[in-house]
Amino acid sequence: MSKDAPRIEFRTRPALRDWLARHHADSGSVWCVTFKKHHPDCLPFGEVVEELMCWGWIDSSVRGVDDDRMMHLISPRK
634 MSKDAPRIEF
644 RTRPALRDWL
654 ARHHADSGSV
664 WCVTFKKHHP
674 DCLPFGEVVE
684 ELMCWGWIDS
694 SVRGVDDDRM
704 MHLISPRK
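Shown next as structure tokens:
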């Protein structure tokens with residue numbers, strides 16, 4: 634199930650907010666791909682969590698993508 638979830642890369646908080654505004658009510662789980670702290674395009678995970686909470690979403694599993702990126706499985710709270 635989570636292996637098949639789409640991957641969506643977010644570089645900014647507004648991009649994540651816009652995606653959640655459009656899809657929070659009709660999307661299932663997705664992998665939220667963000668850059669790690671050392672990368673200039675890092676989106677701090679605390680900001681991701683704040684946006685998720687605003688839209689009734691939660692995070693669960695975490696996986697590495699490569700040396701620069703990681704991904705969190707995010708989904709609507711049930």
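Numbering-wise (the numbering used here), the sequence shown opens with residue 634 and increments by one.
All residues carry an ideal CB built from backbone N, CA and C; glycine is no exception.
Just so we're clear, the structure is a prediction, and the values are computed from it rather than from any experiment.
Is it buried or exposed for residue i, if we count other Cβ within 10 angstroms and need 16 for buried?
| i | result |
| --- | --- |
| H705 | buried |
| C687 | exposed |
| T667 | buried |
| V695 | exposed |
If you follow the alpha helix (DSSP H) that residue i is in, where does it begin and where does it stop?
| i | result |
| --- | --- |
| P709 | Here P709 belongs to no alpha helix (DSSP H); instead the beta strand (DSSP E) covers R702 to P709. |
| R655 | R646 to H656 |
Among the options, which has the Cα closest to the Cα of residue i?
| i | options | result |
| --- | --- | --- |
| H656 | L685, S693, D700 and V695 | L685 |
| D700 | S693, C675, C687 and S708 | C675 |
| W690 | H671, R710, G661 and H672 | R710 |
| T645 | D692, K669 and D659 | K669 |
Grab me the residues of residue i's own chain with a C-beta within less than 6 Å of its C-beta, minus the 5 sequence neighbours each way, in chain order.
| i | result |
| --- | --- |
| M634 | Per-residue confidence for M634 stands at a pLDDT of 49, beneath the threshold of 50, marking its modelled position as unreliable; no derived number is given. |
| I624 | Shown here, the chain extends from 634 to 711; a query on residue 624 therefore has no answer. |
Beta-carbon within less than 7 Å of residue i's beta-carbon, same chain only, minus the 5 sequence neighbours each way: which residues are those?
| i | result |
| --- | --- |
| G697 | M703 |
Can you tell me where the beta strand (DSSP E) holding residue i begins and where it ends?
| i | result |
| --- | --- |
| V698 | That residue, V698, is in no beta strand (DSSP E); it is neither H nor E in DSSP. |
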